[in-house]
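First up is the structure itself, then whatever we jot down about it.
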Ligand code: PEP
Ligand code: MN
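In the numbering used here, the protein residues as written are 2 to 338.
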């Protein structure tokens, strides 16, 4: 349910309405723009009677939100949300590029890649420490030590770091040590994990599930937001379709769809979508053209010997050239990189 106030309503009247609703047990999420003031009402509104509000002279209208996701809904918060990650703003005019290896492999590897992607214009370093591998016999990541190495790379470059969490028992460590906590595709509907992450105030990068609909994905964002954490960044990383040529099918239509349905920023991961390094550049360009707020790209200095996802990782030199091309495309669509 949202309450749209009449333009220029006195703040004291808005406060009176808020106080009344809070006394009735609802929680209120205000959203203010230049010419509007909206109050999002959260709670069980099934028995909500809007009569008194409709009679209030400062209330323009009271509207139910039809979709099952409320706090992630654009009606609830008409302006784009901008998530601040140690000063790097995701969701604003600047397109944010996160780059780095699939997995942290050694101090030399992660610091060299961090320096190189930073020089090319990336503003966040990615690196997996806990890896969700299909095979239990495949490299599972450097785990806690991987997080320590990411911290060293952050210290050397100043780049904020994003890394994937796989279970709720590691939340304390992730909150202390990383700047964005990634929830991978395989955990998008791990509701207990999402609930626990909702209790933190860390930015969360929520990847789309392997075969999740856009609505299911936004409902997962809702789980995090319902706990009080509004800092959610969505990541389209390809979905499973009948096509086997690519690892997944990059659903670029998700970008304008999310922009219409939600105020949350959306980034695109072309690496896990394509599964082939030579497609990453074209798909990155397309993602910027279609309106993505950012990109997450796997970059490796020695893809042939990477411990994970070498086939879809681009080399630093290619990444550098790509960043130049992306700058030009960003400009055409009214953005910056
Ligand atoms: C990753 O980013 O390394 C990863 C495992 O991604 P996804 O969850 O999208 O497969
Ligand atoms: Mn990977």
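Positions of the beta carbon are idealized from the N, C-alpha and C atoms, including for glycine.
> Starting from residue 38 and walking both ways along the beta strand (DSSP E), at which residues does that stretch end?
Replying inline: Residue 38: member of the beta strand (DSSP E) spanning 38-43, first to last residue.
>> Please output, in chain order, the residues near the ligand MN using a CB cut-off of less than 5 Å to any non-hydrogen atom of the ligand.
In response: Output, sorted by chain position: 103, 310.
> Where does residue 31 fall in DSSP's three states?
Replying inline: Of the three classes helix, strand and coil, the one that applies to residue 31 here is strand, per DSSP.
> So what does DSSP say about residue 141, is it helix, strand or coil?
Replying inline: Here residue 141 sits in coil by DSSP.
>> Quick check: is any heavy atom of the ligand PEP less than 7 Å from the C-beta of residue 217?
In response: For residue 217, the shortest separation between its Cβ and any heavy atom of the ligand PEP does not lie below 7 Å.
>> Suppose you measure from the CA of residue 331 to the CA of residue 221; what does that come to, to the nearest Å?
In response: Whole-angstrom Cα-Cα distance: 29 Å.
>> Quick check on the DSSP output: the alpha helix (DSSP H) that includes residue 172 runs from which residue to which?
In response: Its alpha helix (DSSP H) spans residues 172-178.
> Who are the near neighbours of residue 199 in its chain, counting only those whose CB is closer than 8 Å to its CB and skipping five residues on each side?
Replying inline: Taking residue 199 as the centre and dropping the five residues before and after it, the same chain places the C-beta of 224, 225, 226, 227, 228, 229, 230 closer than 8 Å to its C-beta, in chain order.
> How close, in whole Å, do the beta carbons of residue 8 and residue 37 come, if the pair is a contact with beta carbons under 8 Å?
Replying inline: With 8 Å as the limit, residue 8 and residue 37 qualify as a contact, their Cβ atoms being about 7 Å apart.
>> Relative to the C-alpha of residue 216, which candidate in 107, 190, 275, 206 has its C-alpha closest?
In response: Nearest of 107, 190, 275, 206 to residue 216, Cα basis: 190.
> What runs of the alpha helix (DSSP H), each 4 residues or longer, lie entirely inside the region 215-286?
Replying inline: If we require 4 residues or more, the alpha helix (DSSP H) runs fully inside the region 215-286 come out as 215-227, 255-262, 271-275.
>> Out of 280, 164, 256, which one is the CA nearest neighbour of residue 176?
In response: Of the listed residues, the one whose Cα sits closest to residue 176 is 164.
>> Can you check which of these residues, 321, 318, 323, 300, is closest to residue 312 by C-alpha distance?
In response: Nearest C-alpha to residue 312 among 321, 318, 323, 300: 300.
>> Need the endpoints of the beta strand (DSSP E) that residue 126 sits in, please.
In response: From DSSP, the beta strand (DSSP E) with residue 126 extends over 125-127.
> Any heavy atom of the ligand PEP within a distance shorter than 7 Å of the CB on residue 273?
Replying inline: Yes, the ligand PEP has a heavy atom inside 7 Å of this Cβ.
> Does DSSP put residue 20 in a helix, a strand or coil?
Replying inline: Of the three classes helix, strand and coil, the one that applies to residue 20 here is helix, per DSSP.
> Roughly how far, in whole angstroms, is the beta-carbon of residue 205 from the beta-carbon of residue 91, given that I think they are within contact range, below 8 Å?
Replying inline: Contact flag wrong, Cβ pair sits at about 11 Å.
> Is DSSP giving residue 76 helix, strand or coil here?
Replying inline: DSSP places residue 76 in coil when its eight states are reduced to three.
> Where are the alpha helix (DSSP H) runs, 4 residues long or more, that stay fully inside the region 89-135, in chain order?
Replying inline: Counting whole runs of 4 or more residues, the region 89-135 contains the alpha helix (DSSP H) stretches 108-121.
> With respect to 7 Å, is the separation between the Cβ of residue 186 and the closest non-hydrogen atom of the ligand PEP below this value?
Replying inline: Residue 186 Cβ: within cutoff of the ligand PEP.
> Would residue 259 pass as a contact of residue 250 if the rule is Cβ separation under 8 Å?
Replying inline: Remark: C-beta atoms of residue 259 and residue 250 do not approach each other more closely than 8 Å.
> Quick one: is residue 268 buried, meaning 16 or more other Cβ sit within 10 Å of its Cβ, or exposed?
Replying inline: Note on residue 268: 16 or more other CB atoms within 10 angstroms of its CB, so buried under the neighbour-count rule.
> CA-CA distance, residue 43 and residue 304?
Replying inline: In a straight line, the C-alpha of residue 43 is about 48 Å away from that of residue 304.
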